[in-house]
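Read through the structure below, which is laid out as structure tokens, and then see the notes.
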Amino acid sequence: MRAVQRQRSIKERPQRFAARHRTAWLKMLSQEERRRMESDSASAPQLAQTAAELREERRKLRRLQLMMDMVMSVIGQSPHLSIDEAAEMIAQSERAALAMFPDKELAFRLLYKPRLQRLMRERYRIQ
């Protein structure tokens, strides 16, 4: 009897976890992303992206990663870069990232902003 209950609970764990943490995840999303996600789940499934769209998105993603790596490398290694120049590089890289992915501001702030802030603190000894 207990073995059957244990098997059921193991099978139900992902569903319980998803249900429990869905609200926390939705709170992290912007209102626009939240509406889009809820409308997508309520409506009929949309067509999958075409191969060309996927290739284009991957290309833009690689470009973004390379750009951010270069910005972080220049800030971390350039001995004569002032704090104002570094801050301007960060602002320009954020604008470029949002130009490539306009609806992903939250993702940028979660992924790259903390790295850039930590780099600025370490490099310029900002408190």
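Quick note: the sequence shown uses the UniProt record's numbering, first residue 1, plus one each step.
Heads up, the beta-carbon is just placed ideally off N, CA and C, and yes, glycines get one too.
Residue 68 counts as buried, since no fewer than 16 other beta carbons sit within 10 angstroms of its beta carbon.
Burial check for residue 73: the Cβ neighbour count within 10 Å stays below 16, so the residue is exposed. For the pair residue 52 and residue 58, the Cα-to-Cα distance works out to about 10 Å. Of the other Cβ atoms in all chains shown, 16 or more fall within 10 Å of the Cβ of residue 75; this residue is therefore buried. In the structure shown, residue 35 adopts helical secondary structure according to DSSP, grouped into three states. Cβ contact annotation for residue 89 (same chain, cutoff 6 Å, sequence separation greater than five): 71, in chain order. Counting only residues of its own chain and dropping the five nearest sequence neighbours on each side, residue 116 has a CB closer than 6 Å to the CB of 90. Annotation: the continuous alpha helix (DSSP H) that includes residue 77 extends over 51 to 77.
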